[in-house]
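Below you'll find the structure, written out as C-alpha cells, and then a few comments.
Residue numbers (my numbering): 228 to 393.
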C-alpha cells in the first residue's frame, strides 16, 4: 500500500501562516483533470481561492459558522458536478473520484486536503452564479495542519467488512 494513502489524514485545523502556491493548486487541478469518468464526461468543476485572494474571502463566508475549523486553510475549493440527465447518472461518483485525485496529489506535495459538506450550498449558488444544472457538493480546505495537531487513533474498517457479500 502506498504511504500516500495510509498516511493521509484530515486535520481539524490549519496553519493560518502557511501559503499554498498557485503551482500547487494547479497540480491538484491537473490531478482532478486526469481522474476517470463515465464516458469521459468529466462532469466536475471547481471554484478555487487562495488565502488573500477575493475568491477565498467569498468561499470563506460560505463556511463561516458551519465549518470554522476550515477558516485557517491556505486555500478553499468548492467542488460541484453537472448531471448527465440520464439513467444511470454517475456524475456524483465521478466528482468523488476527481476530488480523491486532488486529495492524493495534495498529500504527495506535503499538504492536507480535508473535505467537508457543512457550508452554505445555496449561498454558493448565489455567490458564484452556479446554475441549476450544477450541484455544489463539497468544499476542501487545503494547507498544512495547525501546530500541535497530528493524526491519532486513525482506524479503518477491515477489508472483510468492506466485502460483506463474499
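Every residue, glycine too, gets a C-beta built ideally from N, C-alpha and C.
Under a three-way DSSP split, which group does residue 365 fall into?
Strand.
Check whether the region 371 to 391 and the region 282 to 291 touch, using three or more Cβ-Cβ pairs below 8 Å as the test.
At 8 Å Cβ cutoff, the stretches do not touch.
What does residue 318 pair with, by DSSP beta-bridge criteria?
Answer is none; residue 318 lacks a bridge partner.
In the DSSP output, what is residue 282 paired with across the bridge?
None, per the DSSP bridge assignment.
At which residues does the beta strand (DSSP E) containing residue 260 begin and terminate?
Premise fails: residue 260 lies in the alpha helix (DSSP H), 249 to 260, not in any beta strand (DSSP E).
Could you give the DSSP three-state label for residue 386: helix, strand or coil?
If DSSP states are grouped into helix, strand and coil, residue 386 belongs with the helices.
In this structure, what does DSSP give as the bridge partners for residue 305?
According to DSSP, which records beta bridges pairwise, residue 305 is partnered with 274 and 366.
Let me confirm a value: residue 269 is counted as buried when at least 16 other C-beta atoms fall within 10 Å, else exposed. Which label applies?
Classification for residue 269: buried.
Check this for me: beta carbons of residue 303 and residue 364, under 8 Å apart or not?
No, they are not a contact pair.
Output needed for residue 352: all residues of its chain with C-beta closer than 7 Å, excluding positions within five of it in sequence on either side, in chain order.
Same-chain partners within the cutoff: 363.
What are the boundary residues of the beta strand (DSSP E) that includes residue 339?
Counting along the chain, the beta strand (DSSP E) containing residue 339 begins and ends at 339 to 343.
Let me know the secondary structure DSSP gives residue 325 once reduced to three states.
It is helical.
Beta carbon of residue 322, beta carbon of residue 271: below 8 Å?
Taking 8 Å as the Cβ cut-off, residue 322 and residue 271 qualify as a contacting pair.
Output the distance between the C-alpha atoms of residue 247 and residue 343, rounded to the nearest integer angstrom.
Using only the alpha carbons, I get a separation of about 19 Å.
In terms of residue numbering, what span does the alpha helix (DSSP H) encompassing residue 230 cover?
Unbroken alpha helix (DSSP H) run through residue 230: 230 to 233.
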